[in-house]
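Visitor:
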Amino acid sequence: MSSGPGDERFVLTLQDVSALKSLDLDLSDNKCVIFASCDGAAAEWNKQSLVQVFPYDRIIEINGQPCLATDLVEKSKSEDVGTVNLTVERPQKRLLYLQKPGRLGMDLTYTKTRKGSVKPWITNISDGLVNQWNVNMPELSVGPHDRIITVNGSGGTPADLVQLLSSADDTMHLEVLHYNF
């Protein structure tokens, strides 16, 4: 099931609603629910399916309907019985090469709670280096809801990555996971 170049989608079937509670999901961005890890029902799926779930895969539909984080929370609390079909989208890895001076022109968000964001996500792009990248490289552009994974080859917590962005040298290499919105 595919809808564009580099777009990989599949349906993950859970045997019942209670399995939703065992998924380790990052629900910090209501419009972009991603797998934080492959524990619980995702691990069980991976044991029996050729199409594997990976961290950062995005849930785009639940039982054929568009999926927000709030929808998943409500569904997991429901008394419904029967299978649950999650349409999952694999992100595209994009490597950005930015040259300072100049401001990035990118707003990021993440949560600091115990079960917070696995990586910061882009909320807005304004004038700056990232916008210029998008203009020059439209096929590799990034935008809202995309996740920053590494800065100059270094990963870490969301706070670590934001710090790396603010202290990076003249050349900046960003690894970003792009989701189709």
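Residues 128 to 308, numbered by my numbering, are exactly what the sequence shown covers, in order. Even glycine gets a Cβ: it sits at the ideal position worked out from N, Cα and C. Bear in mind that the values here come from a model prediction, so they are computed numbers and not experimental data.
#1: When burial is assigned at 16 or more other CB atoms within 10 Å of the CB, is L231 buried or exposed?
#2: Taking Cβ to Cβ, would you say K158 is nearer than 8 Å to H305?
#3: Using only the alpha-carbon positions, how far apart do L222 and Y237 sit?
#4: Can you list, in chain order, the residues of its chain whose CB lies under 7 Å from that of D297, leaving out five sequence neighbours each side?
#5: Using CA coordinates, which residue listed in L152, V278 and L256 is at the minimum distance from S268?
#6: Once you ignore the five residues that flank R274 on each side, which residues in its own chain have a CB closer than 6 Å to its CB?
#7: In chain order, what residues of the same chain lie with their CB nearer than 8 Å to the CB of L195, ignoring the 5 residues before and after it?
#8: Is V269 helix, strand or coil when you go by DSSP?
#9: Candidates K239, Y224 and S176: which alpha carbon is nearest N258's?
#10: Which residues share a DSSP beta bridge with Q226?
#11: Determine the direct distance from the alpha carbon of N307 to that of S205, and round the result to whole angstroms.
#12: What do you get for D153, buried or exposed, if any count of 16 or more other CB atoms within 10 angstroms of its CB means buried?
Guide: The structure says:
#1: So L231 ends up on the buried side.
#2: Contact: no.
#3: Answer to the nearest angstrom: the Cα atoms are 21 Å apart.
#4: Closer than 7 Å at Cβ, skipping near neighbours: Q226 and K227.
#5: The residue with the shortest Cα to Cα distance from S268 is L256.
#6: In the same chain as R274, and ignoring 5 residues on each side of it, the C-beta atoms closer than 6 Å to its own belong to K246, W248 and L304, in chain order.
#7: Apart from sequence neighbours up to five positions away, the residues of its chain that approach L195 with a beta-carbon distance below 8 Å are N157, K158 and V160, ordered along the chain.
#8: DSSP places V269 in the coil class of the three-state scheme, outside both helix and strand.
#9: Just measuring C-alpha positions, the residue of K239, Y224 and S176 sitting nearest N258 is Y224.
#10: In the DSSP output, where bridge partners are listed per residue, Q226 has T298.
#11: Computed Cα separation, rounded: 29 Å.
#12: D153 should be labelled buried.
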